[in-house]
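Following this line, the structure appears as C-alpha cells:
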C-alpha cells in the first residue's frame, strides 16, 4: 500500500480493513481533497431530487412541523424524523450508481 | 494491502457502503436544515397558521370590496388593513405660501386655484395688483374704492366705451377675456 501516512499495523484479515476508523479517515481525506466527494454528493443530490425523494422528505418534515408547531422544531428533530425513512427509501438504481462510482474511485486510488 | 483483486472486493464494498451512507447523511441534514429554515421563516404557506391568516385576509378583502360598505357614505371613517382610520378630508393645517393664510390640507388645491389664478376671479386679483398702479395714474380715483366684481359703477367708469364685461375694468382698453 503506497501511502506515506502513519497508521496502526493492518490486522491480518483483509475483511477488517473497511472497519478501521483510521483507514476510513484517510480515504475520506483523499476523497475530499481530490474533489470526488463533492462530485459524488452533487450527483446523489441530483438523483434524489429527480426521483422525488427530496419532496417526500420535505413532506415528512412539514407534517412533523405542523404537528409539533413550527416554533418548537429543531434541526435535530427533523433529522431524526427523516433518517430512517430516508435511508430506506433510496431507489435501488441510484444506490447502485453511487456505489459503482465510489468503488471505481477506490480502485483508481489504489486502496 | 495490495492483494489479489477478489480480496479487495469485500472491503471495497464495505467501504463504498460506508461512504455512501456518509453522503446520504449529509444530504439528509441538508434537507432537514432547509425545511427547518422554511418553517422558522414562515415561508411555507401551507402550514395551518398561514391558512388561518389567509382566510382572515380573504375575509377582509371581501369586506373591503363590498360596495355596501363604502366607508365615507356609511361611517365617517374607513378602517384600512393596518387598522388605521383616516378622515375623508385631510385635516392638517398649514400656511399658504402665496397668500399666507392658514389652509386645511384637504382644501389646499381649491384654495390654490383661487389664490394663484386659474379662475376668473383669481386672475382679477392678479391683474388688479398689476393694474392698480396704472389705475392710480390714469384715473385719479383712489384704488381702494375699486371693486373687481361686477357692479354698475364700474361699467360707468369705462371711458373707452367698450362693452362692460361685468366686473372688469381696464385703464388701457385691452380686453381680457375671463
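Protein chains in written order, with the working numbering: chain Z, 2 to 112; chain H, 83 to 260. C-beta atoms are modelled at their ideal positions from N, C-alpha and C, and glycine is treated no differently.
- prompt: Over what stretch of residues does the alpha helix (DSSP H) that includes residue 24 of chain Z continue unbroken?
  reply: 22 to 35
- prompt: When the cut-off is 8 Å and only beta carbons count, does residue 164 of chain H lie next to chain Z?
  reply: So no, residue 164 of chain H is outside the interface.
- prompt: DSSP beta-bridge partners for residue 177 of chain H?
  reply: H:184
- request: Quick one: give me the first and last residue of the alpha helix (DSSP H) that residue 68 of chain Z is part of.
  value: In this chain, the alpha helix (DSSP H) harbouring residue 68 of chain Z covers 54 to 69.
- prompt: Can you tell me the Cα-Cα spacing of residue 40 of chain Z and residue 64 of chain Z, whole angstroms?
  reply: 32 Å
- request: Tell me whether residue 113 of chain H is buried or exposed, calling it buried when 16 or more other Cβ atoms sit within 10 Å of its Cβ.
  value: buried
Under 7 Å by beta carbon: chain Z residues contacting residue 121 of chain H: Under the 7 Å cutoff, chain Z gives 66, 71, 74.
- prompt: Roughly how many angstroms lie between the CA atoms of residue 146 of chain H and residue 181 of chain H, to the nearest whole one?
  reply: Computed Cα separation, rounded: 40 Å.
task: Determine the chain H residues that contact residue 96 of chain Z at a beta-carbon separation under 8 Å, and present them in chain order.
output: 102
- prompt: Okay, do the segment 60 to 75 of chain Z and the segment 97 to 112 of chain Z touch, 3+ Cβ pairs below 8 Å being the bar?
  reply: no
message: Please report the distance separating the alpha-carbon of residue 28 of chain Z from that of residue 37 of chain Z.
response: Their Cα atoms are separated by approximately 11 Å.
query: Cα separation between residue 61 of chain Z and residue 160 of chain H?
result: 44 Å
Listed by chain order, chain Z residues near residue 136 of chain H by CB distance under 7 Å: Near residue 136 of chain H there are no residues of chain Z at all, since even the closest Cβ is about 15 Å away, more than 7 Å.
query: Count the other CB atoms within 10 Å of the CB of residue 102 of chain H; is the residue buried (16 or more) or exposed (fewer)?
result: buried
- prompt: Going along the chain, which residues of its own chain have a beta-carbon closer than 6 Å to the beta-carbon of residue 92 of chain Z, five neighbours each way excluded?
  reply: Taking C-beta separations shorter than 6 Å and ignoring five residues to either side along the sequence, the partners of residue 92 of chain Z in its chain run 52, following chain order.
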